[in-house]
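Read the structure below first, then the notes.
Residue numbers (the numbering used here), protein chains in the order written: chain A, 70 to 541; chain B, 70 to 541.
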């Protein structure tokens, strides 16, 4: 941690980045939060964020600030930050940009430690906004206030009930999200909530005047609630530091990254969005290979591979045993596996013989291992028998029918081996929903199609290959 | 229709295929159905199928057949087909393979018109099964019984309440599914139900001793409830006829196809599954290009492109206008569009000027058209203004925030233009669910990620290019 603190104290890239607070603790676990720009009006951000903080069960004391209201959503309202009769750890700011520097002055006087500036209207809108942003930075730096944003969708720490963003996502889980697009973060967080997985943190970076992706990657590498870091970036704030930080952190926790602006059209759109300098896509590709970042191509892959990596240890090698109740899904999984360079090794003769003796005659003892109409227990049987095969490094269990007890059977199978088991469950209507949700409770990643499950296995394999290559 | 009937009377490929019933009407709208092998035991297929038929509100009279029960699920049970005191249009058969030829004899005597043989244990298991299958075919052909299967997951016609399959899918909709894997059909049907879209028919082909994909494609081309035909195939039954039928039908209705066994490993798995002769993948690719079939790569694409094609007319050309509330999603959509060969034309200056006059200053008047924090009505405004631009052939509306009223606004916009509007709605938690379901009610295809929405537009464009190329 010493290295970590030293690095953070460095002033980088001229005036834009600075560090004078040793940790980001006050951002994620503040003892008190002032919401500046709290609103009585439903639909306004200042209202929605207050409601989300309340409904998420925020462990901090909440102080809505609004000079025109006495009470909002049952909470006493304060006319200004300095009228709050308590110390304020963190400020969440949703007032118009022109008022933000003044608010920051008040926060500085009050001794606020961290500010999440959600308001837009800064660098992204031109010269006048640039001036406001400069003022904001100057005041914050002088006072030692750590800043997220401005022009961002806020932060969420469900483990502390701190939903200073939208929509409301409460479920605690293992995925930390860092994003240059608030919507991308919200989408991943919503999926994680819906599937019963949850998130550890979500931070929308906005204009990154202070806290950037490197600070957060380092912080999350030490965060006991985070098992995987999922990132959406359009450009990196500091290339050299990014490489250094990711090279070190990716050995400890998987980092999965989606980069916007891969193509010329995408880059053009990006320049309007975050004004990031894109650089050539091949450069980012090289950075990922060098640092062990698992690079993905789509939003769904970002979620899928983060989910698999959060629950499972990486497969040691490329051999996958596919166990299925559906021949068709087995074929689709095989096609995808071959296309992505995975291997589908044939089971050994003695294992086939053993399994053939206990399984019904219609089962196809090959890879894919087609159980046809079957029970969940037979998947367990096959995985346990095949786990000792050195050619097999991971399992894909495909449930193509409404098979009950799948989650428990796979969980028992997983407890018997350290080779990862990924599930595709589909075609099962209500039972599918129940089983997939149970699986996520039991730490088994489950996907809605055989192709997505295979892509998740390949994503995990990439990190494994990186870790092994470096140690050899 | 004359050509159609004549074709069906031809005996093709030796003994395997035959035609002597002019239409498949008795399969999809039978006046009475005997379920042979109905069971009292929950979990058994003979029980689940009977329950699904009852719960789907089957319009046919149902006759469970089981010599050992008097009543199942409240219905009087008959000891055999011939004891049913009524004519039997269709038989659904779930008894063990060895008993099937005997049952077919009884069906023949009873004058049954069509049989869905769900039982497995025929050609797919070896010599003995081959013999049973030969017997089955011989009896059925002599009696003029149309057969689906054997070794299949049954059929579904929600427009008639005929769910002779599993799981229970009741929602009526525009997608017809033909599949060589029951699970693939079930997955697509479940997704269609879950998203409020529904299916027109679903047929699992099984061993295809009689009715094959060509018969069904022709039938669905005339079916008023079917707007798009989604197919999963491992091999085609009759290549020449397949080309002829698809060339003709694809001009009338979109045909979307996923083929299993593209790779060597996939082909090996396929030979165990349906014993289809795969042929080289490039051959099927050429067939698709020749016939106008929209070929897809994954199960989700099969559903996504069928969904878009069911609701919308094809875009005339490659230009897409992306309208978004999220810069990040706009970039991801742009990246995908460029990768797939779509175009993202810059809006004309006069349109920008007009829209600039009425939209807030933070909107980015470009393509992607980034509305940032916005209302649903502004999407409508942009689409209506840009619809006359000849460079724009389709729209992608991305809702990256929980924006209410999205479905109605897009529906109004769609009524004002014949250029298709595809939606990606995400990051909106509960509001997202409500809006996406409303959209499907209103005939607007909505996707859970920007990339999937772009892939759907490209799928529709492929058919459009085929239709235009041929007419030029």
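The beta carbon of each residue, even a glycine, is placed where N, CA and C say it ideally should be.
These numbers were taken from a predicted model, which means no experiment stands behind them.
Could you pull out every residue in the same chain whose Cβ sits closer than 6 Å to the Cβ of residue i, ignoring the five residues on either side in sequence?
i                      : result
residue 327 of chain B : 301, 365, 371
residue 262 of chain B : 238, 240
residue 536 of chain B : none
residue 248 of chain A : 254, 273, 301
Look up residue i in the DSSP assignment and give the residues it is bridged to.
i                      : result
residue 225 of chain B : B:232, B:271
residue 388 of chain B : B:412
residue 159 of chain B : B:102, B:183
residue 144 of chain A : A:141
residue 216 of chain A : A:184
residue 393 of chain A : A:439, A:467
residue 433 of chain B : B:439
Grab me the residues of residue i's own chain with a C-beta within less than 8 Å of its C-beta, minus the 5 sequence neighbours each way, in chain order.
i                      : result
residue 141 of chain A : 107, 108, 109, 116, 119, 133, 135
residue 498 of chain B : 471
residue 269 of chain B : 226, 227, 228, 241, 242, 243, 244, 245, 289, 292, 294, 295, 296
residue 139 of chain A : 145, 146
residue 387 of chain A : 410, 411, 412, 462, 530
residue 316 of chain A : 359, 360, 361
Apart from the five residues on each side of it in sequence, which residues of its chain come closer than 7 Å, Cβ to Cβ, to residue i?
i                      : result
residue 510 of chain A : 265
residue 406 of chain B : 389, 413, 523
residue 354 of chain A : 364
residue 296 of chain B : 243, 322, 379
residue 436 of chain B : 390, 391, 413, 414, 415, 416
residue 331 of chain A : 350
residue 401 of chain B : 519, 520
residue 478 of chain B : 445, 446, 448, 449
residue 236 of chain A : 255, 259
residue 164 of chain A : 105, 106, 172, 188
Could you please give the first and the last residue of the uninterrupted alpha helix (DSSP H) stretch that includes residue i?
i                      : result
residue 101 of chain A : First-last for residue 101 of chain A: 101-105, but that is the beta strand (DSSP E), not the alpha helix (DSSP H).
residue 426 of chain A : 418-427
residue 206 of chain B : 196-212
residue 95 of chain B  : 94-97
residue 120 of chain B : 114-124
residue 368 of chain A : 368-380
So is residue i buried or exposed if we call it buried at 16+ other beta carbons inside 10 Å?
i                      : result
residue 484 of chain A : exposed
residue 487 of chain B : exposed
residue 425 of chain B : exposed
residue 453 of chain B : exposed
residue 211 of chain B : exposed
residue 196 of chain B : exposed
residue 178 of chain B : exposed
residue 538 of chain B : exposed
residue 430 of chain A : exposed
residue 530 of chain A : buried
residue 305 of chain B : buried
residue 215 of chain B : buried
residue 532 of chain B : buried
residue 126 of chain A : exposed
So that I know if they touch, is there some Cβ in chain D lying closer than 9 Å to that of residue i?
i                      : result
residue 369 of chain A : Annotation note: the requested chain D is absent from the structure, which comprises protein chains A and B.
First and last residue of the beta strand (DSSP E) that includes residue i?
i                      : result
residue 130 of chain B : 130-134
residue 363 of chain A : 363-365
Inset, instruction - With a floor of 3 residues, list each beta strand (DSSP E) that falls wholly inside the segment 439-520 of chain B, ordered by position along the chain. - result: 463-468, 490-494
Inset, instruction - Within the segment 235-303 of chain A, note down every full alpha helix (DSSP H) run reaching 4 residues or more, in order along the chain. - result: 251-263, 282-291
Legend entry - Residue ranges of each alpha helix (DSSP H) within the segment 309-360 of chain A, 4 or longer: 333-342, 350-360
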